[in-house]
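Please read the structure below before turning to the comments.
Residue numbers (our numbering): -2 to 200.
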């Protein structure tokens, strides 16, 4: 952990050698004099839509904030060349303020994604569900300068998904800002009752 200072030598933050969720946890437990009113994670370079949400460090940081009962928002920007963070931030601020003021209960968790920035800006805003269709993974075998094999894996989070109409992947690819309310309980509740026969008091 180290302090981050501006040109005048005044401290304005901390750098943490850890995961995004570690940063949130340390911020809440160690560095903030009181719990923050809002946590914003991002802006991430690259969209976090569809099942990529499960793997996202940006979303994980927002989940960590929600664990503490703090309204938390993950913000990501679909990859452009180069990504225009300033434009995305300018558009994100009023949107975040509206979510905080009008739709925020303790521990609310939101995932916001911005499409590639164009001069005209996004087409609009869509509140939508997280896509759950399987994406197409890539796995490319490469050889390093010493002759050793390694593998480069990954996906294009927009191009390699099977699109679900009305889902976040589809809406983002169509040029809309997507807002998805999330929760971190992954329990498959539909199976709870049918699995009761597995329960016993001894094993």
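Note that beta-carbon positions come from the ideal geometry of N, C-alpha and C, so glycine has one too.
For residue i: DSSP bridge partner residues
i, result
"residue 146", "140"
"residue 106", "69, 179"
"residue 164", "126"
"residue 1", "10"
"residue 111", "74"
"residue 174", "122"
Alpha-carbon spacing of residue i relative to residue j, whole angstroms
i, j, result
"residue 178", "residue 144", "47 angstroms"
"residue 32", "residue 67", "8 angstroms"
"residue 86", "residue 74", "10 angstroms"
"residue 170", "residue 187", "31 angstroms"
"residue 25", "residue 117", "38 angstroms"
"residue 49", "residue 56", "10 angstroms"
"residue 130", "residue 36", "29 angstroms"
"residue 100", "residue 62", "17 angstroms"
"residue 84", "residue 53", "22 angstroms"
"residue 194", "residue 183", "21 angstroms"
"residue 1", "residue 82", "20 angstroms"
"residue 90", "residue 104", "19 angstroms"
"residue 88", "residue 198", "55 angstroms"
"residue 185", "residue 196", "17 angstroms"
"residue 7", "residue 102", "34 angstroms"
"residue 138", "residue 189", "42 angstroms"
"residue 77", "residue 142", "30 angstroms"
Among the options, the one whose alpha carbon lies nearest that of residue i
i, options, result
"residue 165", "186, 137, 149, 124", "124"
"residue 108", "101, 127, 22, 119", "127"
"residue 175", "14, 191, -2, 163", "163"
"residue 201", "18, 22, 197, 29", "The first residue shown for the chain is -2 and the last is 200, placing residue 201 beyond what the model contains."
"residue 59", "20, 95, 89", "20"
"residue 119", "137, 191, 168", "168"
"residue 80", "70, 34, 115, 4", "115"
"residue 51", "23, 122, 71", "71"
"residue -1", "14, 97, 6", "14"
"residue 160", "47, 3, 22", "47"
"residue 150", "141, 142, 140, 134", "134"
"residue 65", "98, 22, 88", "22"
"residue 122", "141, 191, 95, 146", "95"
"residue 34", "11, 40, 90, 97", "97"
"residue 45", "199, 110, 139", "110"
"residue 27", "41, 11, 40", "11"
8 angstroms contact criterion, which residue i and residue j should meet: CB distance rounded
i, j, result
"residue 43", "residue 112", "Actually they are not in contact, since the Cβ atoms of residue 43 and residue 112 sit about 12 angstroms apart, beyond 8 angstroms."
"residue 106", "residue 180", "6 angstroms"
"residue 38", "residue 69", "7 angstroms"
"residue 148", "residue 136", "6 angstroms"
**Report entry** Runs of alpha helix (DSSP H) wholly within the segment 7 to 45 (minimum 4 residues, chain order)
**Finding:** Here the runs fully enclosed are 17 to 23.
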